[in-house]
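The opening position of the sequence shown corresponds to residue 820 in my numbering, with each subsequent residue numbered one higher.
Written out below as structure tokens is the structure these notes cover.
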Amino acid sequence: MKIVLLAITLVSLNSCNTIIGMYRDTKQAVIWTKGKIQGSGGGDGGDAYSDAPVY
């Protein structure tokens with residue numbers, strides 16, 4: 820049952836580029852966290868969307 824719910828959730832989130840948005844948000848959070856740990860203040864992380872797909 821859990822697998823079915825997970826599959827339905829993933830299919831519903833796949834619409835409207837939600838998965839891509841979640842990936843970008845996660846990537847930016849990792850860049851920010853890495854910057855804080857390394858002491859550079861986090862900064863803006865540069866252009867995190869340079870590899871974004873263009874439709």
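Don't be surprised by glycine CBs; every beta carbon is placed ideally from N, CA and C.
Residue i, DSSP secondary structure in three states
i: Gly858; result: coil
i: Met820; result: coil
Inter-residue spacing [alpha-carbon to alpha-carbon] between residue i and residue j
i: Ile839; j: Leu825; result: 18 Å
i: Ile850; j: Gly858; result: 12 Å
i: Thr828; j: Thr845; result: 18 Å
i: Val830; j: Ile822; result: 12 Å
i: Gln847; j: Leu832; result: 20 Å
Chain D within 8 Å of residue i, Cβ atoms only
i: Tyr842; result: Considering every chain present, this structure includes no chain D. It has just one protein chain.
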